[in-house]
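A.B. asks: Sharing a structure here in structure tokens format.
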Amino acid sequence: MLPLAMLTGVGVYLFLHYVPGVEEGGYLRVARVLQPILISVMLFLQLNCVAPSDLRFHRWHFRLLCVQALLFGAFGLLATMTPPGAWRILLECAMLCFICPTAAAAGVITEKIGGHLAGVMTYTVLSDTLACVMIPIMIPFVHPAADMGFLAAFWAIVQRVFSILLLPLVLAWTIRYLFPRLQQWLEKYHGLAFYIWGVGLTLAMSLATYALLGSGVGIIVAIGIGIVSLAACIFQFAAGRRMARRYGRRESLTSGQSLGQKNTGFIIWLGLTYMTPVTSVAGGLYAVWHNLVNTWELSHTSRH
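Taking the numbering used here, I'd label the letters of the sequence shown as residues 9 to 312.
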């Protein structure tokens, strides 16, 4: 489904863009509004299955948080010191790939390869919180808003990021304790998050294709974005596994999936909304890479 979603997203935009007499503006407006909503709904359905008592913290959780925070901050500082151009675009792409929170659907793959669902869901909450704290601090430095100061930009980003990442968690836990019957009914439909992810990925790939075609960047920069996103993907899967290896194979698999599998729709939304729009392409390409890694993991698990 996921390769089909990515191909559909690219194909739909190319059709609307190149076929004479077909209007692309309406589709793009709907995609921009609907995509963050789908991210929130997907998170809500997954987090609805997790009680606060299920969240068990491990040392590797905080090691992964440090890796994300340090690399995001380092690439952000380098970007602020780099003049506009190809190198700055690549640094911003790296920023997005490292700060992006764990995908809500990561638990599905983690269970299938022998990992621990509670561990990856705990890190999903932690990485969402980290993103809500660090993104509003760093983005106004990297991309100052022309019409507002730092504090105004900080607050605007806090509201948007919080509503997408943490509001679903607050809502899910509120329903769990105030309306337990509704929570039990919603829990039956948590599997829909996977298909919502597919629809959101389709829209995200359309927006990423629009950003790439409209950016005017050359083929060299596009290849560079592909290399940066691939390197970030491989590094995070490998580093995640290595940091929890001492705790056993199950925790190692969980840690690798927690750091490596990203909410790529969030990367695309963040790039389009607050960064150089072409950086959103890193999210689309990262989706390709981490799905290839997931495919290899699932195939390797089935052989053993």
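Even for Gly, the Cβ is constructed at its ideal location relative to N, Cα and C.
Once you ignore the five residues that flank LEU179 on each side, which residues in its own chain have a CB closer than 7 Å to its CB?
C.D. replies: Position 171 of the sequence shown, counted from the start, is the residue given in the question as residue 179. If we look at LEU179 and ignore the five residues flanking it on each side, its Cβ neighbours are PHE52.
A.B. asks: By a C-beta neighbour count over all protein chains shown, 10 Å radius and 16 as the cutoff for buried, is TRP163 buried or exposed?
C.D. replies: Here the question's residue 163 lines up with position 155 in the sequence shown. By the neighbour-count rule (16 or more Cβ atoms within 10 Å), TRP163 is not buried but exposed.
A.B. asks: So for LYS120, helix, strand or coil by DSSP?
C.D. replies: Your numbering for residue 120 matches position 112 in the sequence shown. Correct three-state label for LYS120: helix.
A.B. asks: How big is the Cα-Cα spacing for GLY222 and ARG96?
C.D. replies: Taking the sequence shown and counting its residues from 1, the one referred to as residue 222 is at position 214. Taking the sequence shown and counting its residues from 1, the one referred to as residue 96 is at position 88. In a straight line, the C-alpha of GLY222 is about 18 Å away from that of ARG96.
A.B. asks: Taking the alpha carbon of LEU238 as the point to measure from, which residue in GLY157, VAL296, PRO92 has its own alpha carbon closest?
C.D. replies: As a first step, residue 238 is located in the sequence shown; it is residue number 230 there, counting from the start. Nearest C-alpha to LEU238: VAL296.
A.B. asks: If I measure Cβ to Cβ from MET146 and keep anything under 6 Å in the same chain, skipping five residues before and after, which residues do I get?
C.D. replies: The count along the sequence shown starts at 1 and reaches residue 146 at position 138. Correct list, in chain order: GLY84.
A.B. asks: With DSSP run on the structure shown, which of helix, strand or coil describes THR110?
C.D. replies: In the sequence shown, residue 110 corresponds to position 102, counting from 1. Strand.
A.B. asks: List the DSSP bridge partners of LYS270.
C.D. replies: For the purposes of this step, residue 270 is taken as residue 262 along the sequence shown, with counting starting at 1. Paired residue(s): THR110.
A.B. asks: Rank LEU138, CYS57, ILE117 by C-alpha distance to the C-alpha of GLU305 and give the top, closest one.
C.D. replies: Residue 305 sits at position 297 when you count from the first residue of the sequence shown. Checked all of LEU138, CYS57, ILE117; the closest Cα to GLU305 is ILE117.
A.B. asks: If you draw a straight line from the alpha carbon of LEU134 to that of LEU73, how long is it in whole angstroms?
C.D. replies: Within the sequence shown, residue 134 is the residue found at index 126, counting from 1. Within the sequence shown, residue 73 is the residue found at index 65, counting from 1. So the two alpha carbons sit approximately 8 Å from each other.
A.B. asks: Do LYS270 and CYS108 count as a contact pair if the criterion is CB distance below 8 Å?
C.D. replies: Here residue 108 refers to the residue found at position 100 of the sequence shown. Here residue 270 refers to the residue found at position 262 of the sequence shown. Closer than 8 Å, so yes.
A.B. asks: Cβ of SER266 within 8 Å of Cβ of ALA114?
C.D. replies: Within the sequence shown, numbered from 1, the residue matching residue 266 stands at position 258. Within the sequence shown, numbered from 1, the residue matching residue 114 stands at position 106. Against a cut-off of 8 Å, the Cβ pair of ALA114 and SER266 comes out as a contact.
A.B. asks: Could you check whether the segment 272-283 touches the segment 183-192, counting it as contact only if at least three pairs of C-beta atoms, one from each stretch, sit closer than 8 Å?
C.D. replies: The segment 272-283 is not in contact with the segment 183-192.
A.B. asks: State yes or no: is the C-beta of ILE204 within less than 8 Å of the C-beta of MET50?
C.D. replies: Indexing the sequence shown from 1 puts residue 204 at position 196. Indexing the sequence shown from 1 puts residue 50 at position 42. Result yes, Cβ atoms of ILE204 and MET50 sit closer than 8 Å.
A.B. asks: When burial is assigned at 16 or more other CB atoms within 10 Å of the CB, is SER288 buried or exposed?
C.D. replies: For the purposes of this step, residue 288 is identified with residue 280 of the sequence shown, where counting begins at 1. Its Cβ being crowded by 16 or more others within 10 Å, SER288 is buried.
A.B. asks: Quick check on the DSSP output: the alpha helix (DSSP H) that includes ARG71 runs from which residue to which?
C.D. replies: Within the sequence shown, numbered from 1, the residue matching residue 71 stands at position 63. Taken as a continuous stretch (DSSP letters only), the alpha helix (DSSP H) holding ARG71 covers 67-88.
A.B. asks: Keeping to the same chain, check which residues put their C-beta closer than 6 Å to that of GLN244; ignore five residues upstream and five downstream.
C.D. replies: The sequence position of residue 244 within the sequence shown is 236, counting from 1. Here the set comprises LEU267, GLY268.
A.B. asks: I need the DSSP call for ALA240, collapsed to helix, strand or coil.
C.D. replies: Along the sequence shown, read from residue 1 onward, the residue named residue 240 stands at position 232. In the structure shown, ALA240 sits in a helix (DSSP, three-state: H, G or I).
A.B. asks: In chain order, which beta strand (DSSP E) runs of at least 3 residues are fully inside the segment 152-181?
C.D. replies: Entirely contained in the segment 152-181, not one beta strand (DSSP E) run reaches 3 residues.
A.B. asks: Taking DSSP as the reference, what is the three-state secondary structure of GLY291?
C.D. replies: Counted from its first residue, the sequence shown places residue 291 at position 283. In the structure shown, GLY291 sits in a helix (DSSP, three-state: H, G or I).
A.B. asks: Quick check on the DSSP output: what are the complete alpha helix (DSSP H) runs of length 4 or more inside the segment 180-244, in order along the chain?
C.D. replies: 188-195, 200-223, all fully within the segment 180-244.
A.B. asks: Can you tell me whether VAL141 is buried or exposed? The criterion is at least 16 other CB atoms within 10 Å of its CB, across all chains shown.
C.D. replies: Against the sequence shown, residue 141 aligns to sequence position 133. So VAL141 ends up on the exposed side.
A.B. asks: Using DSSP with H/G/I as helix, E/B as strand and the rest coil, what is ARG64?
C.D. replies: Taking the sequence shown and counting its residues from 1, one reaches residue 64 at position 56. Three-state result, ARG64: coil.
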